[in-house]
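Student: Numbering (this note's numbering), first residue to last: 186 to 399.
For glycine and all other residues, C-beta sits at the position ideal for the given N, C-alpha and C.
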Ligand code: AP5
């Protein structure tokens, strides 16, 4: 199972990818989480990524493609994976397809989680994330049992710098300009499945499981 999860910032890609990867026993690979890990470790790549992330812009393709293709080659991804946040441009999608083709592989499905802009803004403004396992909560719609503490592992919750309204607006513009063209890219390959992302989390999960044939 090799799946590309598409959707604008705040659509629920991370939330759903975590559940799907548990249910299907495949790796969850999130490009944003990989950049944030580099940032936390103070690497050169992390410092570079931060410049773009803080502005709501995309990290350059060459850097991103290299990082994700390396991650996909790791042993835990052999049985399949859910890609969350990658690809985000047509050149990234083409590079992924080319790399997979050299191994006789391909992406199976590209579900698109669709959510309206006002709801995306509400979701990102109220989001809290676990520093340890990256599980996302929402202070109104999906609060943790204890404020500030992750239900899964007791990790501390924090709010992302790029969830400030002005950066969210820039991220949404970047999505429309650079990532939305992937919808027709995967439609042409007959891999796109549209999912109503405004349903409760469990209903979105059920629709995604149907979409990927589980
Ligand atoms: P990244 O970390 O990938 O952020 P994103 O795509 O903007 O997505 P988010 O993590 O914000 O949202 P999500 O869809 O995962 O939603 P979530 O599940 O958390 O990227 C960050 C930055 O890194 C980019 O701006 C860029 O600079 C860089 N980058 C990353 N990948 C790159 C690439 N490929 N190329 C270049 N640059 C790249 O849910 C959001 C909230 O809603 C949560 O509070 C959650 O609890 C709640 N929620 C979820 N589902 C529901 C529901 N059904 N109902 C109600 N609430 C819900």
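(1) Roughly how far, in whole angstroms, is the beta-carbon of residue 213 from the beta-carbon of residue 269, given that I think they are within contact range, below 8 angstroms?
(2) Check whether the Cβ of residue 323 lies closer than 6 angstroms to any heavy atom of the ligand AP5, and answer yes or no.
(3) Taking 7 angstroms as the limit between beta carbons, can you name the residues of its chain near residue 308, skipping five residues before and five after?
(4) Between the alpha carbons of residue 371 and residue 377, how many angstroms are there, rounded?
(5) In angstroms, rounded to a whole number, what distance separates the CA positions of residue 390 and residue 208?
(6) Please check the pair residue 367 and residue 275, which I expect to be a contact at CB under 8 angstroms, by giving their CB distance rounded to whole angstroms.
(7) Since residue 265 contacts residue 186 with CB under 8 angstroms, what's their CB separation in whole angstroms?
(8) Per the contact definition of three or more C-beta pairs closer than 8 angstroms, is the region 254-265 in contact with the region 343-355?
(9) The ligand AP5 and residue 238: does any heavy atom of the ligand fall closer than 6 angstroms to the residue's C-beta?
(10) Are the Cβ atoms of residue 243 and residue 273 separated by less than 7 angstroms?
(11) Specify, as a first and last residue, the run of the alpha helix (DSSP H) that residue 248 falls within.
(12) Can you check DSSP and say which residues form a bridge with residue 266?
(13) Rounded to a whole number of angstroms, what is the C-alpha to C-alpha distance between residue 192 and residue 250?
(14) Going by DSSP, which residues form a beta bridge with residue 380?
(15) Closest to residue 350 by C-alpha separation, out of 241, 235 and 257, would be which residue?
(16) Run through DSSP, which three-state label would residue 286 get?
(17) Under 7 angstroms Cβ to Cβ from residue 200, same chain only, skipping five residues before and after it: list those, please.
(18) Restricting to Cα atoms, I'd like to know which of 374, 289, 393 and 281 is closest to residue 256.
(19) Taking the continuous alpha helix (DSSP H) assigned at residue 240, which residues delimit it?
(20) Less than 7 angstroms separating the beta-carbons of residue 315 and residue 333?
(21) Could you spell out the range, first to last residue, of the beta strand (DSSP E) harbouring residue 322?
(22) Within its chain, find whatever has a CB closer than 8 angstroms to the CB of residue 363; leave out the 5 residues flanking it on each side and keep chain order.
Tutor: With the structure as the only source:
(1) Locating residue 213 in the chain shown gives position 28, counting from the first residue. Locating residue 269 in the chain shown gives position 84, counting from the first residue. Confirmed, about 6 angstroms.
(2) On the chain shown, position 138 is the one that residue 323 refers to. Checking every heavy atom of the ligand AP5 against the Cβ of residue 323, one is found closer than 6 angstroms.
(3) Here the question's residue 308 lines up with position 123 in the chain shown. If we look at residue 308 and ignore the five residues flanking it on each side, its Cβ neighbours are 195 and 323.
(4) Residue numbering aside, residue 371 sits at position 186 when the chain shown is read from its first letter. Residue numbering aside, residue 377 sits at position 192 when the chain shown is read from its first letter. Roughly 5 angstroms between the two C-alpha positions.
(5) Counting from one through the chain shown, the residue named residue 390 turns up at place 205. Counting from one through the chain shown, the residue named residue 208 turns up at place 23. One C-alpha to the other measures close to 10 angstroms.
(6) Reading the chain shown from its first residue, position 182 is the one you call residue 367. Reading the chain shown from its first residue, position 90 is the one you call residue 275. Rounded, the Cβ-Cβ distance is 7 angstroms, consistent with contact.
(7) Within the chain shown, numbered from 1, the residue matching residue 265 stands at position 80. Within the chain shown, numbered from 1, the residue matching residue 186 stands at position 1. Contact holds; Cβ gap of about 4 angstroms.
(8) no
(9) Residue 238 sits at position 53 when you count from the first residue of the chain shown. It does: the Cβ of residue 238 is within 6 angstroms (strictly closer) of some heavy atom of the ligand AP5.
(10) Position 58 of the chain shown, counted from the first residue, corresponds to residue 243. Position 88 of the chain shown, counted from the first residue, corresponds to residue 273. Yes, these two residues count as a Cβ contact at 7 angstroms.
(11) The residue given as residue 248 occupies position 63 in the chain shown. Segment 246-257, the alpha helix (DSSP H) holding residue 248.
(12) Counting from 1 along the chain shown, the entry for residue 266 is found at position 81. Residue 266 pairs with 187 and 212.
(13) Within the chain shown, numbered from 1, the residue matching residue 192 stands at position 7. Within the chain shown, numbered from 1, the residue matching residue 250 stands at position 65. Approximately 19 angstroms, taken between the alpha carbons.
(14) Counted from its first residue, the chain shown places residue 380 at position 195. Note: residue 380 sits in a beta bridge opposite 298.
(15) To locate residue 350, count along the chain shown from 1; it is residue 165. Here the closest residue by C-alpha is 241.
(16) On the chain shown, residue 286 is found 101 positions in, with the first residue counted as 1. Correct three-state label for residue 286: helix.
(17) Against the chain shown, residue 200 aligns to sequence position 15. Correct list, in chain order: 321 and 386.
(18) Along the chain shown, one-based indexing puts residue 256 at 71. It is 281.
(19) Here residue 240 refers to the residue found at position 55 of the chain shown. 229-240 is the span of the alpha helix (DSSP H), which, as asked, contains residue 240.
(20) Here residue 315 corresponds to residue number 130 of the chain shown, with the count starting at 1. Here residue 333 corresponds to residue number 148 of the chain shown, with the count starting at 1. Not in contact: residue 315 and residue 333 (Cβ atoms no closer than 7 angstroms).
(21) Translated into positions along the chain shown, residue 322 becomes position 137. First-last of the beta strand (DSSP E) with residue 322: 321-323.
(22) As a working mapping, residue 363 is identified with position 178 in the chain shown. Hits under 8 angstroms: 243, 273 and 274.
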